[in-house]
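A.B. asks: Chain order of the listed sequences is W and H.
Residue numbering for the first sequence is 6 to 114, as defined by the working numbering.
Residue numbering for the second sequence is 6 to 114, as defined by the working numbering.
2 protein chains.
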Amino acid sequence: MNTTKKKRLAKAGWKVGTAQEFLGLSDEESALVEMKLALARSLSQLRLARKLTQVKLATLLGTSQSRVAKMEAADATVSIDLLVRSLLALGTTRQEVGKIIGRKTAPAA
Amino acid sequence: MNTTKKKRLAKAGWKVGTAQEFLGLSDEESALVEMKLALARSLSQLRLARKLTQVKLATLLGTSQSRVAKMEAADATVSIDLLVRSLLALGTTRQEVGKIIGRKTAPAA
DNA sequence: TGACATTATGCCAGATATGACATATAGTTA
DNA sequence: TAACTATATGTCATATCTGGCATAATGTCA
Chain W
6 MNTTKKKRLA KAGWKVGTAQ EFLGLSDEES ALVEMKLALA RSLSQLRLAR KLTQVKLATL
66 LGTSQSRVAK MEAADATVSI DLLVRSLLAL GTTRQEVGKI IGRKTAPAA
Chain H
6 MNTTKKKRLA KAGWKVGTAQ EFLGLSDEES ALVEMKLALA RSLSQLRLAR KLTQVKLATL
66 LGTSQSRVAK MEAADATVSI DLLVRSLLAL GTTRQEVGKI IGRKTAPAA
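#1: When burial is assigned at 16 or more other CB atoms within 10 Å of the CB, is residue 69/H buried or exposed?
#2: Taking all protein chains shown into account, decide if residue 103/W is buried (16 or more other Cβ within 10 angstroms of its Cβ) or exposed.
#3: Go ahead and pull the three-state DSSP assignment for residue 108/W.
#4: Looking only at its chain, what residues have a beta carbon closer than 6 Å to the beta carbon of residue 78/H, apart from the 5 residues adjacent to it on each side?
#5: By the criterion of Cβ-Cβ separation under 7 Å, what are the contact partners of residue 84/W in chain H?
#6: How big is the Cα-Cα spacing for residue 48/W and residue 88/W?
#7: Going by beta carbon distance, what residues of the same chain come within less than 7 Å of residue 109/W, once the five residues before and after it are set aside?
#8: Listing by chain order, which chain H residues have their CB less than 8 Å from the CB of residue 76/W?
#9: Mind pulling the chain H residues with CB within less than 8 Å of residue 99/W?
#10: Put residue 56/H into one of helix, strand or coil per three-state DSSP.
#11: Among 46/W, 81/W, 56/W and 83/W, whose alpha-carbon lies nearest the alpha-carbon of residue 105/W?
#12: Tell me whether residue 64/H sits in a helix, a strand or coil according to DSSP, three-state version.
#13: Using only CA atoms, which one of 58/W, 72/W, 62/W and 80/W lies nearest to residue 40/W?
#14: Hey, does residue 67/H have any beta-carbon neighbour from chain W nearer than 8 Å?
#15: Helix, strand or coil for residue 95/H? Go by DSSP, reduced to three states.
#16: By Cβ distance below 8 Å, which residues in the same chain neighbour residue 93/W in space, the five residues on each side in sequence not counted?
#17: Which of the three DSSP states is assigned to residue 80/H in this structure?
#18: Quick one: is residue 91/H buried, meaning 16 or more other Cβ sit within 10 Å of its Cβ, or exposed?
#19: Comparing the C-beta of residue 89/H with each C-beta of chain W, is any distance below 8 Å?
#20: Please list, in chain order, the chain W residues whose beta carbon lies closer than 8 Å to that of residue 94/H.
#21: Leaving out the 5 sequence neighbours to the left and right, which residues in its chain are closer than 7 Å to residue 43/W when beta-carbon positions are compared?
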């Protein structure tokens, strides 16, 4: 649950292979994080594919640029609900959302 | 978003084929509801398969019987986050969660 | 029938997420 | 360099979700 710790490390510039090994993330926690990462990545890709700025996407979704930035960053303050609702709003089907969630996340470059 | 309306109808005993046609649910809203239904159903099945009561499952998850009941009923007050976290806590893999979410929901019996 | 176990529903205080705003940090072009 | 665009981060009031409790409804068995 201690996401603050993770953020501190990340902010300090640590590029960790997978978060789980350094931070004491349980399997459940890391699975949840990976799901969020996969959803966040898809949202980002979808936005770019449509050549939208975060501001335009925010307007489309009825939210703010800052929240879009946080969604794409899989910030701790964004829920899976929000990510899923956003993808659905952009026309992503339920089946596709399922695939995204199940998709293995590529390790941080 | 008016889920109160739906609850009133449901409470009145209306067994609707799919919710969308009677209530003015948008595609996005109904997709979200269906995802929650699929997750709720899986949770229920998983609990029964392990021969647990809602009380025992609640203890296992660190929550209350009432919330488990609401989760299984896909109540409006339960988030996708909660359903997913519960499934993960029971050992469901991320891939399986993905499949569940994408799975087509059987119409109400 | 009563006694008991299980599940469902209503409510509410505290926890968490959201939207909005300000501001910071790139990145680009002149 | 300045001016501009796009993205990131911090904060906060409000909205929504969660856990927990009470209680109702349903089911089961003697």
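Using N, Cα and C, we set each Cβ at its ideal position, and we do this for glycine too.
C.D. replies: Quick answer:
#1: Position 64 of the second sequence, counting from 1, holds the residue named residue 69/H. With a 10 Å radius around the Cβ and a threshold of 16 neighbouring Cβ atoms, residue 69/H comes out exposed.
#2: As a working mapping, residue 103/W is identified with position 98 in the first sequence. Per the 10 Å Cβ criterion, buried.
#3: Residue mapping note: residue 108/W aligns to position 103 of the first sequence, counting from 1. The answer is coil: DSSP assigns residue 108/W none of H, G, I, E or B.
#4: Working through the second sequence from its first residue, we reach residue 78/H at position 73. No residues qualify anywhere along the chain.
#5: For the purposes of this step, residue 84/W is taken as the residue at position 79 of the first sequence. Taking a Cβ-Cβ cut-off of 7 Å, the neighbours of residue 84/W in chain H comprise 84 and 86, given in sequence order.
#6: Locating residue 48/W in the first sequence gives position 43, counting from the first residue. Locating residue 88/W in the first sequence gives position 83, counting from the first residue. Those two C-alpha atoms are separated by around 8 Å.
#7: The count along the first sequence starts at 1 and reaches residue 109/W at position 104. Once the five neighbours on either side are set aside, residue 109/W has no close Cβ partner at all.
#8: Taking the first residue of the first sequence as position 1, residue 76/W is located at position 71. Near residue 76/W there are no residues of chain H at all, since even the closest Cβ is about 14 Å away, more than 8 Å.
#9: Stepping through the first sequence from its first residue, residue 99/W is reached at position 94. Under the 8 Å cutoff, chain H gives 36, 39, 40, 106 and 107.
#10: Locating residue 56/H in the second sequence gives position 51, counting from the first residue. In the three-state DSSP reduction, residue 56/H falls in the coil class, being neither helix nor strand.
#11: Residue 105/W sits at position 100 when you count from the first residue of the first sequence. It is 46/W whose Cα lies nearest to the Cα of residue 105/W.
#12: As a position in the second sequence, residue 64/H is number 59, starting the count at 1. In the structure shown, residue 64/H falls within a helical segment according to DSSP collapsed to helix, strand and coil.
#13: Translated into the one-based positions of the first sequence, residue 40/W becomes position 35. Answer by Cα proximity: 80/W.
#14: Position 62 of the second sequence, counted from the first residue, corresponds to residue 67/H. So no, residue 67/H is outside the interface.
#15: Here residue 95/H is taken as the residue at index 90 of the second sequence, counted from 1. Residue 95/H carries a coil assignment under DSSP once its states are collapsed to helix, strand and coil.
#16: Locating residue 93/W in the first sequence gives position 88, counting from the first residue. Here the set comprises 99 and 102.
#17: Taking the first residue of the second sequence as position 1, residue 80/H is located at position 75. Residue 80/H falls in the coil class under three-state DSSP.
#18: To locate residue 91/H, count along the second sequence from 1; it is residue 86. The residue is buried, with at least 16 neighbouring Cβ atoms inside 10 Å.
#19: Taking the first residue of the second sequence as position 1, residue 89/H is located at position 84. So yes, residue 89/H belongs to the interface.
#20: Against the second sequence, residue 94/H aligns to sequence position 89. Think of a sphere of 8 Å around the beta carbon of residue 94/H: the chain W residues whose beta carbon falls inside it are 33, in chain order.
#21: The residue labelled residue 43/W in the question sits at position 38 within the first sequence. Within the same chain, 105, 106, 108 and 110 come within 7 Å of residue 43/W by CB-CB distance, once the 5 residues on both sides are set aside.
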